Amino acid sequence: MTDQQPPDRDLDAASDGDGRTLEPWEVFRREKDGDPMRHGGSVMAPDALLAVHYARELYGRRQESAALWIVRRADIHDLADPDLLQPPLDRSFKKPGGYVMRDKLAAARQQSGQAKPKARSSRPAGPAGTADR
Amino acid sequence: MTDPLALDPVLAPQDRARLPFNEADLTHDERFGHFEEHVLAGGKVESTDWMPDEYRQGVLRFVEMHANSELMGVLPEREWIMRAPTLRRKLALTAKVQDEVGHAQLLYRVAEDLGKPREAMFEDLLAGKTKFHNVFHYPTFSWADIGIIAWLVDAAAIVAQQALRDSSYAPYARTMKKICWEESVHIMHGRDVVVTMVTGSAGQRAAIQEALDRWWGPLMQMHGPRSERAKDRDIHWRIKAKTSEELRQEFLTIYVPRIRELGLTIPDADLVLDDATGIWAYGEPDWNELRTVVTNHGPKSEERLAFRRDNREATQWVRDAILRPMASGAPPRSSEGDGRFGAEVAGSQAATS
Amino acid sequence: MTTTRSALAASIDPATEAALDELMLSMADDEFVIGFSDSEWTGIAPILEEDIAMSSLAQDELGHARALYELLADLRGDGQTADAIAYDREPGDYRHARLLDHGRGDWAMTIARRYFYDTADGTRLEGLATSSFAPLRELVDKIRREERYHVMHATTWLERLARHPGEPRERLVAALEELAPDAATVFTPLDGEAQLVETGLIAEPMTALEARWRATITPLFVGLDLPMPPSGDLDRGRTTHGEPFRWLWGEFTSVRRSDPGAIW
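Residue numbers (our numbering), protein chains in the order written: chain L, -15 to 117; chain P, 43 to 395; chain H, 13 to 276.
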């Protein structure tokens, strides 16, 4: 349908699906340029060609989408296993919240006799030693 | 670059994965208890979650009737596409009716993902086992009907649909948001037709009043008889949030002034607003009529069901050859397989692995 | 003089202008009338997704009709609106191709008719892509962009039906045979078309466009072993419409005639 298809995605052939049995195809849409793809819903179709056609109808006939991705639901792998996604042992070292330095900084400033630097807007080529929090 | 949170917008990933009712090693009663607690606290349910039978069946019944209504709702209007009196009206009506078919598609998809195949839903509809809303059992006599339906029937529907945007069943809630957005255009089209005719010729004005006289009764019946909030299971499970009466009052509050400002008379002498309470009193709707109609004894019920049956038969060869329905329902994706999904629903045509 | 009229070369004589009017009316009527049959699938197409797709095709055609009637109204400049041109004529004064008088029929008939019409229309639009009449040329460019989608849909369905042995293919072949005598009526020669060609309003006469159309669809028909419609009698291909259209006319004008002059 478009000129930008990579050469291995030949939509003129019924590449996915057996061409005769309806299956669900998930449709993702980009609202406008620069937006991420978001799940829109699904259509029933016997193969990729009609799935793309129907996706345009259900999620693009009002000119409401800049782009669509259409993928056979059976081809989606999903992961929801909490042992993999929310493993129980501490991983705070991977997040900003795992680095609380307030007390240590207070101690260092007291030791050096310096106050906490004021926040400045960034400017090019400032004098050395400034803006170090 | 995809936004990973976009695929699961309803709860943060951490919370969803830890939902206790999804723990397979709890007893049924324990899971039921957790599920109920979750829903009553405003929690949402996705198609891949564990659900008690009562909830699953309740949502399915609700969504299925909604889907049926969108599909049958096409029939009163479709013959007027051919008779639309201007090119613009013809385009608008074609688009409106297309949207209704689109809504049917969205809703049947939600229902399919709960385990009932689309073909089974069509069979039940055409055999009279499942229902569709009363308003779609009545005839249309003139272009004025088209204006009144697109404006007021859609308005009554949107009042209900807006309240469903926060349904506990998240796929349905998301679909409602899309549907409400699309319906708002229909109401504008309907109101435009009505206002144009009301300010047109004497014949056009009379036709609108006559259509309103016929449609008012079914409109008042549309949201259903009054029910007790405490006894309503659909409200208990947060599938819906408002009672029939709340929806009817909302409809009257918004639309009675808009009808009257056009110089139209509402055919109910007892319709009056209590300014102090903001509540409308009205002549009691004919609940017998409602019961008769939704059990497929309305003026057009059998004709329209027969029309769908005949046309379904006439296109069966296409489905048999080229657009074959899946053998079982269309299960949602789940990395744990279909067993958990299918096991809870006794007697339904849920997918089996 | 409207902007539209001024885009016509001063050298166009009344006879040529009449031929242009006839051409545009025939195109607009084609797009208007095909929409009726397609819209009949509303609510009853083979699957819901196809219902929605067919409705979009019908709306596109109607949108093209509207744009063409509006351009024609502009060109005529006599105060008649696009709606008046579309609705307020006697049945005998409509100029759509006889191909489009065939009823909706079954799904195979609809696909066959759409395939014949969309490919023929595509060839006709190509013949207008370099028209010396700028407003028409610009409109044709927009219409062609939308028509790509139509040809895609019609072609994929023609292939699906043709390749499926048994009932689907049999129904398709029966539909193609029934439509065959009227398949090429989109290319019914117009009065004064020699002048249209001479003034660059259209690139080639209808007979040449018909030949192009046949060349376009032959490879697919041969590949699918489908019967090509025969060349032949396009006589009065746009002026004999018969009883079914008369009935349709009665329906689509019924609301307007119920209150003539009313605003809807």
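We treat Cβ as the ideally placed atom computed from N, Cα and C, and that holds for glycine.
In this text, all values refer to a predicted model and were calculated from it rather than measured experimentally.
- Residue pairing from DSSP leaves H:E263 without any beta-bridge partner.
- For H:Q71, a Cβ of chain P is located within less than 7 Å of the residue's own Cβ.
- For L:P66, the uninterrupted alpha helix (DSSP H) segment begins and ends at P66 to L69.
- In chain order, V116, R120, I123, T136, V139, Q140 and V143 make up the part of chain P whose C-beta sits under 8 Å from the C-beta of H:T54.
- For L:E10, the uninterrupted beta strand (DSSP E) segment begins and ends at E7 to R14.
- Contact between P:Y180 and P:P309 does not hold, since the beta-carbon distance rounds to 15 Å and is not under 8 Å.
- In this structure, the CA atom of P:I221 is about 10 Å from the CA atom of P:A146.
- Here L:H37 carries a helix assignment [DSSP, helix/strand/coil].
- For L:H23, the enclosing beta strand (DSSP E) has its first and last residue at R22 to A29.
- Between L:L42 and P:L365, the gap from beta carbon to beta carbon reaches 7 Å or more.
- Contact note: P:K132 reaches chain H through L74, using a C-beta cutoff of 7 Å and chain order.
- Under the 10 Å beta carbon count, L:I60 is surrounded by fewer than 16 other beta carbons and is classified as exposed.
- Straight across, the Cα-Cα distance linking P:A198 with P:R268 is about 16 Å.
- If you ignore the 5 residues before and after H:E52, its C-beta comes within less than 6 Å of the C-beta of R116, all in its own chain and listed in chain order.
- Non-local C-beta neighbours of P:H228 in its own chain, meaning closer than 6 Å and more than five positions away in sequence, comprise K138, A192 and D196, ordered along the chain.
- Closest in alpha carbon position to H:A65, among H:A220, H:W276, H:F44 and H:H165, is H:H165.
- When DSSP states are grouped into helix, strand and coil, H:A192 belongs to the helix group.
- Inside the segment 147 to 211 of chain H, DSSP marks no whole beta strand (DSSP E) run of 3 or more residues.
- Between the C-alpha atoms of H:P256 and L:R14 there is a straight-line separation of about 46 Å.
- Annotated three-state conformation of P:L315 is strand, per DSSP.
- Between the C-alpha atoms of H:F233 and H:V198 there is a straight-line separation of about 19 Å.
- Listed along chain P, the residues sitting closer than 7 Å to H:D118 by beta-carbon distance are A356.
- A distance below 8 Å between beta-carbons, with the five flanking residues on each side excluded, links H:G254 to the following residues of its chain, in chain order: D113.
- Put simply, the backbone Cα of L:A29 is about 8 Å away from that of H:E61.
- Within the model, the alpha-carbon separation for P:V81 versus P:R280 is close to 7 Å.
- P:Y211 carries a strand assignment under DSSP once its states are collapsed to helix, strand and coil.
- Taking a Cβ-Cβ threshold of 7 Å, none of the residues of chain L is close to P:Q99; the smallest such distance is about 22 Å.
- Annotated as proximal: P:V336 and P:N176, with beta-carbon spacing under 7 Å.
- Close to chain P, meaning a Cβ-Cβ distance shorter than 7 Å, are the following residues of the segment 4 to 30 of chain L: R4, T5, L6, E7, P8, P20, M21, R22, H23, G25, S26 and P30.
- Assignment of L:V55 by DSSP, reduced to helix, strand and coil, places it in the strand class.
- Per DSSP, the beta bridge partners of P:R366 are L:T5.
- With the rule of 3 Cβ pairs closer than 8 Å, the segment 219 to 228 of chain H counts as touching the segment 120 to 138 of chain H.
- If the five residues before and after P:M107 are omitted, its C-beta is found closer than 6 Å to the C-beta atoms of K173, all from its own chain and listed in chain order.
- Take the alpha-carbon of P:R151 and the one of P:P159: they are about 9 Å apart.
- The alpha-carbon separation between H:A109 and P:Y324 amounts to approximately 56 Å.
- Judged by their CB atoms, L:A39 and L:V55 are not nearer to each other than the 7 Å cut-off.
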